[in-house]
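Engineer:
Numbering (our numbering), first residue to last: 1013 to 1500.
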């Protein structure tokens, strides 16, 4: 007789769990808190990029929607080895060794993408945001090469189609409010007034980033002031329900994926926009200019590394500044390199023909201090090194107390533009501890039979930072694992 599996949530991790459980012969009911329009969790808000280990173009071509794209012949994808993936994760671990969860993410990343490809999920090279043209070729620079067709919305739609093709059922506007247990085993869920039995329950209903109260309680700092980039539905319900029956909280509870965002964006903004525009509230080209806080000071090394490896930390850094905001400043030399988010119709910015005039327009900033900072920056730029956005070019400001390590160009070409930003939160890192087969563990590391977790619910995957594109891959890896094992 088929196992009855309930999946809580409907984002990438939930859908991967549902697909895998159906593959393994289970009957699957997916319960989604949101209505149909808001279903899909954070997945719909993403750009759909997925980071995974690969040896070269031969690993990528079978995943592509259009393997005959003529650009492929003049594209250098390079490779992204498991060793490099590990090094990138270690760079954000604050001295911690790789966690078991990170090791599973790395080893399972390419197989998870190939598995999705087998279910009709197709991908496209991220030419516009992850490559630069150099010597007539498209050069990918950060190890992140592919995104789902039609970005996060496309990923959700393709995975949902696969789930429904296999016979999965989904109920919208069905918030799970409790877990049913008997003799230490989870035997179903409560959804409002209804008790729904199941042989296994998979929690894939996100973190707690959309709850200001839980951010304040569980994260501290200034996180209650953050803009919420994604769904309003991820309020920590799954984490609270599991903790209530003895599940072990695990990972860095005050850690999260963050990014600089337009200061004036609305919380949960963008889902009404076309997929191609949804990411435009992000402001992640700071590496091409400088960022100033209310005191007129720089506060990060904008060129520390490729932006894939810095935007999560810099979102937090902006939030920690006086007033929880900063200004990103550019000159006209980089206009053609700024991503579409800077020319988006709803982008807020000020413009001037001189730096002095620009500084006067930076609302909330000490204009004199800002001008002094920019003058000192210009004087410190290393003019002997050529600018190259495709590499860590070493074009720096060596004499400044806080240097810019790469891509430092003088701000000397009018018109000058400045964009106000704050810190936006996407998902939280703290979650539950799971076993190798995805079962949720108690504080003594024994499993809670019948209860599994995936996606943002799994702690220990990320700590003090985040290599871009790893979150969706983590959802696929841990979702597939939880679904397969819950059905067995």
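C-beta atoms are modelled at their ideal positions from N, C-alpha and C, and glycine is treated no differently.
Please list the terminal residues of the continuous alpha helix (DSSP H) segment that includes residue 1489.
Structural biologist: That run of the alpha helix (DSSP H) goes 1482–1498.
Engineer: By the three-class DSSP mapping on this structure, what secondary structure does residue 1377 have?
Structural biologist: Looking at residue 1377 - three-state DSSP - the assignment turns out to be coil, as it is neither helix nor strand.
Engineer: Please report how far the alpha carbon of residue 1266 lies from the alpha carbon of residue 1415, in whole angstroms.
Structural biologist: Each residue's Cα considered, the two are about 28 Å apart.
Engineer: If you drop the 5 nearest sequence neighbours on each side, which residues of the same chain put their C-beta closer than 6 Å to that of residue 1223?
Structural biologist: 1247 and 1248
Engineer: Per the contact definition of three or more C-beta pairs closer than 8 Å, is the stretch 1422–1436 in contact with the stretch 1445–1456?
Structural biologist: no
Engineer: Excluding the 5 residues preceding and the 5 following residue 1264 in the sequence, name in chain order all residues of the same chain whose CB lies nearer than 8 Å to its CB.
Structural biologist: A distance below 8 Å between beta-carbons, with the five flanking residues on each side excluded, links residue 1264 to the following residues of its chain, in chain order: 1441, 1442, 1471, 1474, 1475 and 1476.
Engineer: Could you give the DSSP three-state label for residue 1123: helix, strand or coil?
Structural biologist: helix
Engineer: To test your reading of the DSSP string, which unbroken alpha helix (DSSP H) runs of 4 or more residues are found completely within the stretch 1027–1086?
Structural biologist: 1069–1072
Engineer: Taking the continuous beta strand (DSSP E) assigned at residue 1411, which residues delimit it?
Structural biologist: Where residue 1411 is concerned, there is no enclosing beta strand (DSSP E), given that its DSSP letter is neither H nor E.
Engineer: Report the start-end ranges of each alpha helix (DSSP H) in the stretch 1340–1398 that is 4 residues or longer and not cut off at the edges.
Structural biologist: Whole alpha helix (DSSP H) segments, 4+ residues: 1367–1372 and 1379–1392.
Engineer: How many Å lie between residue 1098 and residue 1119 at the Cα?
Structural biologist: 10 Å
Engineer: Under three-state DSSP, which class holds residue 1464?
Structural biologist: strand
Engineer: The alpha helix (DSSP H) with residue 1192 in it runs from where to where?
Structural biologist: No alpha helix (DSSP H) contains residue 1192, which is instead part of the beta strand (DSSP E) from 1190–1194.
Engineer: Tell me whether residue 1086 is buried or exposed, calling it buried when 16 or more other Cβ atoms sit within 10 Å of its Cβ.
Structural biologist: exposed
Engineer: Measuring alpha carbon to alpha carbon, tell me which residue in 1166, 1194, 1203 and 1192 is nearest residue 1184.
Structural biologist: 1203
Engineer: How many angstroms separate the CA atom of residue 1368 from the CA atom of residue 1383?
Structural biologist: As the crow flies, the alpha-carbon of residue 1368 is around 6 Å from that of residue 1383.
Engineer: Distance check for residue 1039 and residue 1205, CA to CA, integer angstroms please.
Structural biologist: The C-alpha of residue 1039 is placed about 22 Å away from the C-alpha of residue 1205.
Engineer: For the beta strand (DSSP E) containing residue 1174, name the first residue and the last one.
Structural biologist: First-last for residue 1174: 1163–1177, but that is the alpha helix (DSSP H), not the beta strand (DSSP E).
Engineer: Alpha carbon to alpha carbon, how far is residue 1054 from residue 1395? Give it in angstroms, no decimals.
Structural biologist: 43 Å
Engineer: Just to confirm, are residue 1125 and residue 1168 a CB contact at a threshold of 7 Å?
Structural biologist: no
Engineer: Rounded to the nearest angstrom, what separates residue 1041 and residue 1244 at their Cα positions?
Structural biologist: 23 Å
Engineer: In or out: residue 1013 buried (at least 16 other Cβ within 10 Å) or exposed?
Structural biologist: exposed
Engineer: Go ahead and pull the three-state DSSP assignment for residue 1108.
Structural biologist: coil
Engineer: Can you give the Cα-Cα distance for residue 1326 and residue 1310, rounded to whole angstroms?
Structural biologist: Taking the straight line from one Cα to the other gives about 12 Å.
Engineer: Take the Cβ of residue 1449 as the centre, count every other Cβ of all protein chains shown within 10 Å, and call the residue buried at 16 or more, exposed below.
Structural biologist: exposed
Engineer: Buried or exposed: which applies to residue 1432, given that a residue is buried once 16 or more other Cβ atoms fall within 10 Å of its Cβ?
Structural biologist: buried
Engineer: If you check the beta carbons only, do residue 1276 and residue 1336 fall under 7 Å apart?
Structural biologist: no
Engineer: From the DSSP output, read off the bridge partner residues of residue 1098.
Structural biologist: Its beta-bridge partners do not exist; DSSP assigns none.
Engineer: Apply the 10 Å Cβ neighbour rule to residue 1211 and answer buried if 16 or more other Cβ atoms are within range, or exposed otherwise.
Structural biologist: buried
Engineer: Let's see if you can read the secondary structure: which residues bound the alpha helix (DSSP H) around residue 1227?
Structural biologist: 1224–1230
Engineer: I need the straight-line Cα distance from residue 1026 to residue 1214, nearest angstrom please.
Structural biologist: 8 Å
Engineer: Could you tell me the alpha carbon to alpha carbon distance between residue 1350 and residue 1300, rounded to whole angstroms?
Structural biologist: 8 Å
Engineer: Please classify residue 1143: does DSSP put it in a helix, a strand, or coil?
Structural biologist: Three-state result, residue 1143: strand.
Engineer: Helix, strand or coil for residue 1453 per DSSP?
Structural biologist: strand
Engineer: Check the DSSP bridge columns for residue 1272 and list the partner residues they point to.
Structural biologist: 1435
Engineer: I need the DSSP call for residue 1244, collapsed to helix, strand or coil.
Structural biologist: coil
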